[in-house]
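*Asks:* Numbering (my numbering) for the sequence shown: 137 to 293. Starting off with a structure, shown below.
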Amino acid sequence: MTLDLADILKQYPHAGRDALIPLLQSVQENFGYLSRDAVIAVGRHLGLPASKIYGVATFYNQFRFQAPGKHHVQVCRGTACHVKNSATVLDAVKRALKIEPGQTTRDGAFSLEVVACIGVCGLAPVIRVDDEFYAGMTADKVRKILDSYRKKEAANG
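Next comes the structure, spelled out in structure tokens:
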């Protein structure tokens, strides 16, 4: 169940600066990202300027400021994936989607995130699309996987 912003803020009555990160996490969990309006509302609720909220949120790479795509692509760059050439995989994803990490495609279909470790090191290099893991990735496999998601979207209307 997705809450509206007012309901999330109500969960933190009389909150102070120490509630900032959990509050931002709740907002992002519900909306998928931290919108400008949400940052301003959190700042008002906590009695902090929006610049302070942005300062904290931009320090942590867990927070996003753009709505995620319908399909969220994560590319693992952990040690095992790095050794098995995940840089090439990342380049292939960026080329296929025409976006950089942290961005969403213009059509809103895909967003891209680089992660330090997905936790399936024995399957390196790995990408994750939504909740699905893809192992032993190559540039060619990246194109095929992303094309399969595009075809599913086209078939669904």
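Ideal Cβ placement from N, Cα and C applies to all residues, glycine included.
With 16 as the cutoff for other CB atoms within 10 Å, does ALA290 come out buried or exposed?
*Replies:* Exposed, because fewer than 16 other Cβ atoms sit within 10 Å of the Cβ of ALA290.
*Asks:* First and last residue of the alpha helix (DSSP H) that includes CYS253?
*Replies:* Careful: CYS253 lies outside any alpha helix (DSSP H) and carries neither H nor E.
*Asks:* Between LEU248, ALA223, ALA228, ALA232, which lies nearest to ARG200 when the distance is taken from Cα to Cα?
*Replies:* Closest by alpha carbon: LEU248.
*Asks:* Verify the CB distance criterion: does GLY258 have a CB-CB separation below 8 Å to chain B?
*Replies:* This model lacks chain B altogether; it includes just one protein chain.
*Asks:* Apart from the five residues on each side of it in sequence, which residues of its chain come closer than 6 Å, Cβ to Cβ, to TYR148?
*Replies:* Here the set comprises ALA155, LEU159.
*Asks:* According to the neighbour-count rule (16 or more other Cβ atoms, all chains shown, within 10 Å of its Cβ), is THR240 buried or exposed?
*Replies:* When all chains shown are included, THR240 counts as buried.
*Asks:* Taking 8 Å as the threshold (C-beta atoms), are ALA177 and PHE167 in contact?
*Replies:* In this structure, ALA177 does not lie closer than 8 Å to PHE167 by Cβ.
*Asks:* Roughly how many angstroms lie between the CA atoms of VAL278 and SER284, to the nearest whole one?
*Replies:* Each residue's alpha carbon lies about 10 Å from the other.
*Asks:* I'd like the span of the beta strand (DSSP E) that includes GLU268, first residue to last.
*Replies:* From DSSP, the beta strand (DSSP E) with GLU268 extends over 268-270.
*Asks:* With a cut-off of 8 Å, do at least 3 Cβ pairs link the segment 242-262 to the segment 206-218?
*Replies:* The segment 242-262 vs the segment 206-218: in contact.
*Asks:* Going by C-alpha distance, which of PHE246, THR224, GLN210 is nearest GLY255?
*Replies:* Per the Cα distances, GLN210.
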